[in-house]
Amino acid sequence: MIVAAGQAAAEAGDLAANVATAVRLTALAGSQDVELLVLPEAFLTGYDAAVFAGSLPGPADLAGPLLDPLREAAAAAGTTVVLSTALDRGERRTLSSVVVRPDGRTDAPYDKQHLDGAENDHFTPGDHGASIVVGGHELGLSICYDGSFPEHARAAADDGAVGYLNSMAYFPGGAHRRDLYYAARALDNGFYVVVSGLTGRCGSSSFIGGSAVYDPEGRPLARLGEEEGLAVAELDPALVAATRARHTMHHDHRPFLGQRVVG
Numbered sequence: 000m001i002v003a004a005g006q007a008a009a010e011a012g013d014l015a016a017n018v019a020t021a022v023r024l025t026a027l028a029g030s031q032d033v034e035l036l037v038l039p040e041a042f043l044t045g046y047d048a049a050v051f052a053g054s055l056p057g058p059a060d061l062a063g064p065l066l067d068p069l070r071e072a073a074a075a076a077g078t079t080v081v082l083s084t085a086l087d088r089g090e091r092r093t094l095s096s097v098v099v100r101p102d103g104r105t106d107a108p109y110d111k112q113h114l115d116g117a118e119n120d121h122f123t124p125g126d127h128g129a130s131i132v133v134g135g136h137e138l139g140l141s142i143c144y145d146g147s148f149p150e151h152a153r154a155a156a157d158d159g160a161v162g163y164l165n166s167m168a169y170f171p172g173g174a175h176r177r178d179l180y181y182a183a184r185a186l187d188n189g190f191y192v193v194v195s196g197l198t199g200r201c202g203s204s205s206f207i208g209g210s211a212v213y214d215p216e217g218r219p220l221a222r223l224g225e226e227e228g229l230a231v232a233e234l235d236p237a238l239v240a241a242t243r244a245r246h247t248m249h250h251d252h253r254p255f256l257g258q259r260v261v262g
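Numbering (numbering that gives the first Met the number 0) for the sequence shown: 0 to 262.
Shown next as structure tokens:
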């Protein structure tokens with residue numbers, strides 16, 4: 000299966016413009032036979048504190064005309080799109096993953112579980128993990144800071160995922176941590192990691208991109224700097240099985256190491 004991490008700038012609060020950018024990236028993905036496209040954190044709304052504090056789209060908006068152009072693009076491309084957004088769920092506000100299928104099905108199955116810094120002022124953390132199945136392959140969902148926690152990716156791997164999808168938004172100065180986290184999650188679990196990063200200016204902040212696809216040993220198969228575009232690579236479940244057979248960290252993990260002794 001061919002997968003891609005899409006990278007572009009988002010306009011703070013301009014949902015229609017961001018949908019148009021997502022449509023452009025989806026069409027580009029379709030031209031390269033990409034079956035799964037991941038887009039950056041909060042790409043639909045833009046990642047911006049002023050936007051987060053204001054009116055946000057709700058589930059009804061995701062089902063309505065707002066995303067119709069993206070549904071049409073996904074259908075034309077034959078591509079499943081994972082799009083992140085700030086979302087008003089009524090009783091709570093979340094940073095969420097929205098999945099748009101080529102057949103038009105659209106849902107928001109995952110809410111970011113690990114909120115970072117000022118995100119806690121606006122959002123409620125998700126209370127469950129989630130995976131999607133594309134082309135018969137299970138893939139775990141995550142958003143940015145989730146990927147800093149080894150147990151989050153491991154939970155997906157334990158459930159049978161052969162890959163881990165992450166929508167991210169890193170500020171200047173975060174490149175070292177970004178590149179280390181997601182390569183490590185791939186190596187920890189012997190599976191693919193697809194990370195899509197916001198880039199350019201969005202509202203009051205700037206972002207540094209760094210979208211990539213990592214193989215099951217943490218090697219980058221495709222990587223972007225700060226430019227708009229796609230990082231495209233092939234996901235091969237047979238390589239996941241072979242890597243886990245050769246490097247058995249995932250299998251050898253011990254859930255409990257006993258009581259710690261300090262001498």
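Idealized CB from N, CA, C, for every residue including glycine. These numbers come from a predicted model, not from an experiment.
With H, G and I counted as helix, E and B as strand and the rest as coil, what does DSSP make of residue i?
i, result
"His136", "strand"
"Thr242", "helix"
"Val260", "coil"
"Ser30", "helix"
"Arg218", "coil"
"Ser83", "strand"
"Gly116", "helix"
"Thr198", "strand"
Does the separation of the CB atoms of residue i and residue j fall below 8 Å?
i, j, result
"Met167", "Cys143", "yes"
"Val161", "Glu137", "yes"
"Gly5", "Leu229", "yes"
"Ala7", "Leu24", "yes"
"Thr87", "Ser203", "Note on residue identity: the sequence assigns Asp, not Thr, to residue 87. Cβ atoms of Asp87 and Ser203: not closer than 8 Å."
"Val212", "Met0", "no"
"Asp187", "Gly209", "no"
"Pro56", "Ala73", "no"
"Leu82", "Leu38", "yes"
"Tyr181", "Phe206", "no"
So the beta strand (DSSP E) residue i belongs to, where does it begin and stop?
i, result
"Phe206", "204-207"
"Glu233", "228-233"
"Ala7", "Segment: none, Ala7 is in no beta strand (DSSP E) and carries neither H nor E."
I'd like the span of the alpha helix (DSSP H) that includes residue i, first residue to last.
i, result
"Met167", "Unbroken run through Met167 is the beta strand (DSSP E), 162-167; no alpha helix (DSSP H)."
"Leu179", "174-188"
"Pro58", "58-62"
"Arg153", "149-157"
"Arg70", "67-76"
"Ala107", "Here Ala107 belongs to no alpha helix (DSSP H); instead the beta strand (DSSP E) covers 105-110."
Is there contact between the stretch 146-158 and the stretch 74-88, where contact requires at least three CB pairs shorter than 8 Å? As far as the Cβ criterion goes, the stretch 146-158 does not touch the stretch 74-88, which means the pair count is below three.
For the 8 Å Cβ check, are there 3 or more pairs between the stretch 184-194 and the stretch 227-241? Enough Cβ pairs lie closer than 8 Å, so yes.
Using 8 Å as the threshold, is the stretch 58-73 in touch with the stretch 14-28, meaning 3 or more CB pairs across them? Yes, since at least three Cβ pairs between the stretch 58-73 and the stretch 14-28 fall closer than 8 Å, the two stretches touch.
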